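Chemist:
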Ligand SMILES: [Zn+2]
């Protein structure tokens, strides 16, 4: 049978809406990568969106450039989510693999202006200084992270650090921290809210549950597979929370 132009486009529309419907029902495992901002030295800051649902989980790594074990870990997480699309049913996961790309390249905690980005957020406890920044969000990297929060309005956030080896949290995240703790050997431990940190801003000022996932120093020497074995299911638990089922 021959299709006229209009029946063809009708058919295309039908297939498209069926596909979108199916994606919404089953979760979608394709990864959409977007450059969401640029660093001081003009390196791109990327976000990957996996899934399309309303429940939104943000997972970021390497806001401190010398605490970089989270970056290979979230790369494995993205693969896992592609292979297990059921985890994405009704939700999307926003992954920022390297929040401080200049610090990552220079193996430095700070950005190239010498500012600790994790002290530069407009939390109620922001404390201006050379290391924290002259004012909140004075750095392009922290502004980019804030813009991503504004855009996606995540329901919960995990930010991966080193080397304290614990699951720290801010805001209404005690149960989320416990749920993550069931799947790794890191203890749940409150470190206390640092001035102008993402934990203080998201957790206390915005009331979003946020986990500071502190891997040990030894995580730097672990390959992607070992990192995944040790910490991967804890991240999946954060994504699926409050559902305790992992697959
Ligand atoms: Zn850190």
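In the numbering used here, the protein residues as written are 9 to 255.
Note that CB positions come from ideal geometry on N, CA and C, so glycine has one too.
Since we're looking at a predicted model, the values are computed, not measured.
Candidates 102, 58, 75: which alpha carbon is nearest residue 161's?
Modeler: 102
Chemist: Which of the three DSSP states is assigned to residue 240 in this structure?
Modeler: helix
Chemist: Nearest to residue 234 by alpha carbon, out of 80, 205, 66?
Modeler: 80
Chemist: Inspect the CB distances between the region 152 to 159 and the region 172 to 181 and report whether three or more fall short of 8 angstroms.
Modeler: Contact between the region 152 to 159 and the region 172 to 181 is absent, because fewer than three Cβ pairs lie under 8 angstroms.
Chemist: Hey, how far is the Cα of residue 114 from the Cα of residue 73?
Modeler: 7 angstroms
Chemist: Is it the case that the Cβ atoms of residue 67 and residue 85 are separated by a distance below 8 angstroms?
Modeler: Contact flag set, yes.
Chemist: Does DSSP put residue 164 in a helix, in a strand, or in coil?
Modeler: Here DSSP, grouped into helix, strand and coil, assigns residue 164 to strand.
Chemist: Rounding to the nearest angstrom, what Cα-Cα distance links residue 50 and residue 219 in this structure?
Modeler: 29 angstroms
Chemist: Quick check: does the Cβ of residue 147 come within less than 7 angstroms of any heavy atom belonging to ligand 1?
Modeler: Taking non-hydrogen atoms of ligand 1 into account, the C-beta of residue 147 is found less than 7 angstroms away from none of them.
Chemist: Indicate whether residue 247 and residue 106 have their beta-carbon atoms separated by less than 8 angstroms.
Modeler: no
Chemist: Distance check for residue 221 and residue 167, CA to CA, integer angstroms please.
Modeler: 6 angstroms
Chemist: Under the assumption that residue 187 contacts residue 249 (Cβ atoms under 8 angstroms), give the Cβ distance between them as a whole number of angstroms.
Modeler: Rounded, the Cβ-Cβ distance is 5 angstroms, consistent with contact.
Chemist: Return the residue from the list 110, 82, 131 that minimises the CA-CA distance to residue 123.
Modeler: Selected option, being the one with the closest Cα: 110.
Chemist: For residue 195, which residues from the same chain have a beta carbon less than 6 angstroms from its beta carbon, with the 5 sequence-adjacent residues on both sides left out?
Modeler: Hits under 6 angstroms: 174.
Chemist: Taking the C-alpha atoms as reference points, what is the distance between residue 33 and residue 63?
Modeler: Note that residue 33 scores 48 on pLDDT, short of 50, meaning its location in the model is unreliable and no value can be drawn from it.
Chemist: Do the region 195 to 209 and the region 41 to 49 touch if we need at least three Cβ pairs shorter than 8 angstroms?
Modeler: no
Chemist: Is residue 70 helix, strand or coil when you go by DSSP?
Modeler: If DSSP states are grouped into helix, strand and coil, residue 70 belongs with coil.
Chemist: From the DSSP output, in three-state form, read off residue 143 for me.
Modeler: coil
Chemist: Please list, in chain order, all residues of the same chain as residue 227 whose beta carbon is under 7 angstroms from its beta carbon, the five residues on each side excluded.
Modeler: 77, 170, 235
Chemist: Taking residue 223 as part of the beta strand (DSSP E), name the residues at either end of that continuous run.
Modeler: 218 to 224
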